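Here is the structure we will look at, set down as structure tokens.
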Amino acid sequence: MNCKQLTGTMKVRIMQMSAASADGTMVARGMQAGAVKIWGGPTYGTDPAGEDARDRAQLEAYNQQLAAKKCKTLDLQAEMQAAAPAPKKN
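The numbering of the sequence shown is my numbering, which starts it at 22 and goes up by one.
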């Protein structure tokens, strides 16, 4: 991928991560994990911390590719904070 494609892929993934962090509750994840153990099926969404770590590692690898190609890298922390959903008001 070229610089523009890598940067675009990273920005889309950051937006997806911020949207996913607002989804689901502990109860919902527990119910899904229980259902997977009983009936089988996909486990995606049952381990958000593990998925976040994997996604963060992938973003860091992409950032290293940008640096290797002499492209402008992203400040991942700032990008993730900017993409984070605003807190809900009651």
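Cβ atoms here follow ideal geometry from the backbone N, Cα and C, with glycine treated the same way.
Small disclaimer: the values here were computed from a predicted structure and weren't measured.
query: What residue does the alpha helix (DSSP H) around Ala99 start on, and which one ends it?
result: Leu97 to Ala104
Met22 - DSSP class collapsed to helix/strand/coil: Secondary structure at Met22: coil, using DSSP grouped into helix, strand and coil.
- prompt: By DSSP, does Lys58 sit in helix, in strand, or in coil?
  reply: Residue state, collapsed to three classes: helix.
query: Can you tell which of Lys32, Gly71, Met38 and Glu72 has the C-alpha that lies nearest to the C-alpha of Leu95?
result: Considering only alpha carbons, the answer is Lys32.
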